[in-house]
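Peer 1:
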Amino acid sequence: MLSRKLGPEDLRRLETGPIERKSHGQTSAKSSLPGPLSTVAVDFAGVTKSYGNKAVVDELSFSVASGECFGLLGPNGAGKSTIARMLLGMTCPDAGTITVLGVPVPARARLARRGIGVVPQFDNLDQEFTVRENLLVFGRYFGMSTRQSEAVIPSLLEFARLERKADARVSELSGGMKRCLTMARALINDPQLIVMDEPTTGLDPHARHLIWERLRALLACGKTIILTTHFMEEAERLCDRLCVLERGRNIAEGRPQALIDEHIGCQVMEIYGGDPHELHSLVKPHSQRIEISGETLYCYGPDPDQVRTQLQERAGLRLLLRPANLEDVFLRLTGREMEE
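Throughout the sequence shown, residue numbering follows this note's numbering, covering 6 to 345 in sequence.
1) Report yes or no: do the region 221-232 and the region 67-86 share at least 3 C-beta pairs separated by less than 8 Å?
2) Is it true that the CB of L250 sits closer than 8 Å to the CB of G79?
3) By a C-beta neighbour count over all protein chains shown, 10 Å radius and 16 as the cutoff for buried, is F335 buried or exposed?
4) Which same chain residues end up closer than 6 Å to Q293 when comparing Cβ atoms and leaving out the 5 residues on each side of it in sequence?
5) Can you tell me whether DSSP reads K35 as helix, strand or coil?
6) So for N255, helix, strand or coil by DSSP?
7) My assumption, with CB atoms under 8 Å, is that T206 sits in contact with I216. Please give the rounded CB distance.
8) According to DSSP, is R327 helix, strand or coil?
9) Say the cut is 7 Å; is the CB of T301 nearer than that to a heavy atom of the ligand COA?
10) Quick one, which of S298, I158 and C185 has its alpha-carbon nearest T339's?
11) Hey, could you find the ends of the alpha helix (DSSP H) I269 is sitting in?
12) If you compare alpha carbons, which of R115, S160, I276 and E332 is closest to Q315?
13) Which residue comes first and which comes last in the alpha helix (DSSP H) that contains A156?
14) Expressed to the nearest angstrom, what Euclidean distance is found between the alpha-carbon atoms of R346 and G94?
15) Could you tell me the distance, in whole angstroms, from the CA atom of A263 to the CA atom of A117?
16) Identify every residue that forms a DSSP beta bridge with D131.
17) Taking only the alpha-carbon atoms, compute the straight-line gap between R145 and L65 and give it to the nearest angstrom.
18) Could I get the ranges of all uninterrupted beta strand (DSSP E) runs contained in the region 44-114, with 3 residues as the minimum, in chain order?
19) Between R246, T187 and N139, which has its C-alpha nearest V123's C-alpha?
20) Could you pull the start and end residues of the beta strand (DSSP E) that R190 belongs to?
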């Protein structure tokens, strides 16, 4: 359940402006976890995991503060899901140490999991059970009685906006509704930490924005979220800080805008419709830096009008001027696009 119930004023803030969050050191009490919680919810130190001769996670280090949304951003195969599995104690690292909610993992993973809610990449709801029954069954995994689960289910249904679907079978729900139910299920034990593995993969834009709104609501209640994603917009909108992953390595870490300012720091001109290698020599004098990916030429610099003027007589070209984003950061650091 939520540490406090969201009222009308909370929902209005979600729709109209930035959220005032609880401080990172403020967490709800959890008698099942030992001692007062540190301001560090998760700590990875020099963690490595290999399968055969391939290092899926390579000497990875990062820390997550209590109450923040921390993103693990990278393409498929970057190691995001393996990191999530190690955090939960489901996969053992070959080297390094992992601490979650003040306890070592995997040594005491069962204890740590009492304070964690998990939203897996793919929904694993029971299709033949109703919405309410799915929540009841999941509560039993945490030793909750039917009475205890029934006491929190109304607030979870309200959070997921599924009050009118409580008695509907999961098979009758839309993809967005199923995702909201999976999120609500992860909150049944009032976790301090929520791990979300690609929470909006496969959803349409409307459902994706609904999930983002619900994530902001959790942050407003002081929850700590670890979000794995390959959607740059998702990371920029939701994450306080993030780690950019490339083949299991932490290649950049910080606040989204700070990373953009540090590695790009300017507007980007995308050029399509011609041979990018031929165009390279034309725009080079007017660009601070140029990247080529596939058929696209990316020009970085403070004065894109000079690039536009240089190319205005070239037929068939399409030019797109936009602010720099995390995709540009990833391309700058790795030489390839996020979706490759």
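Backbone N, C-alpha and C define an ideal beta-carbon position, used for all residues, glycine too. Quantities reported herein were computed from a predicted structural model and do not represent experimental measurements.
Peer 2: Here's the rundown:
1) Taking 8 Å as the limit for Cβ pairs, the verdict is that the region 67-86 does touch the region 221-232.
2) For the purposes of this step, residue 79 is taken as the residue at position 74 of the sequence shown. For the purposes of this step, residue 250 is taken as the residue at position 245 of the sequence shown. It is a contact, given that the beta carbons lie within the stated cut-off.
3) Here the question's residue 335 lines up with position 330 in the sequence shown. Burial call: buried.
4) Counting from 1 along the sequence shown, the entry for residue 293 is found at position 288. A distance below 6 Å between beta-carbons, with the five flanking residues on each side excluded, links Q293 to the following residues of its chain, in chain order: Y305 and G306.
5) Locating residue 35 in the sequence shown gives position 30, where the first residue counts as 1. At K35 the pLDDT is 40, less than 50, meaning the model places this residue with poor confidence and gives no usable figure here.
6) One-based indexing of the sequence shown puts residue 255 at position 250. Three-state DSSP puts N255 in a strand.
7) As a working mapping, residue 206 is identified with position 201 in the sequence shown. As a working mapping, residue 216 is identified with position 211 in the sequence shown. Their Cβ separation, rounded to whole angstroms, is 10 Å, which puts T206 and I216 out of contact at 8 Å.
8) The count along the sequence shown starts at 1 and reaches residue 327 at position 322. DSSP places R327 in strand when its eight states are reduced to three.
9) Absent from the structure shown: the ligand COA. Ligands present: none.
10) Working through the sequence shown from its first residue, we reach residue 339 at position 334. Ranking S298, I158 and C185 by Cα distance to T339 puts S298 first.
11) Mapped onto the sequence shown, residue 269 falls at position 264. If you look at I269, you'll find it isn't in any alpha helix (DSSP H); DSSP assigns it neither H nor E.
12) Along the sequence shown, read from residue 1 onward, the residue named residue 315 stands at position 310. Comparing Cα positions, the closest option is I276.
13) As a working mapping, residue 156 is identified with position 151 in the sequence shown. A156 -> alpha helix (DSSP H) spans T151 to A165.
14) Lying before the first or after the last residue shown, residue 346 is absent from the chain, which here runs from 6 to 345.
15) In the sequence shown, residue 263 corresponds to position 258, counting from 1. In the sequence shown, residue 117 corresponds to position 112, counting from 1. When the Cα atoms are used, A263 and A117 turn out to be separated by approximately 32 Å.
16) As a working note, residue 131 is residue 126 in the sequence shown. DSSP output for D131 lists no bridge partner at all.
17) Here the question's residue 145 lines up with position 140 in the sequence shown. Here the question's residue 65 lines up with position 60 in the sequence shown. Rounded to the nearest angstrom, the gap between the Cα atoms of R145 and L65 is 35 Å.
18) Runs found: 45-56, 59-70, 74-78, 100-105 and 108-110.
19) Numbered from its first residue, the sequence shown carries residue 123 at position 118. Closest option to V123, Cα to Cα, is T187.
20) Position 185 of the sequence shown, counted from the first residue, corresponds to residue 190. Unbroken run through R190 is the alpha helix (DSSP H), G180 to A191; no beta strand (DSSP E).
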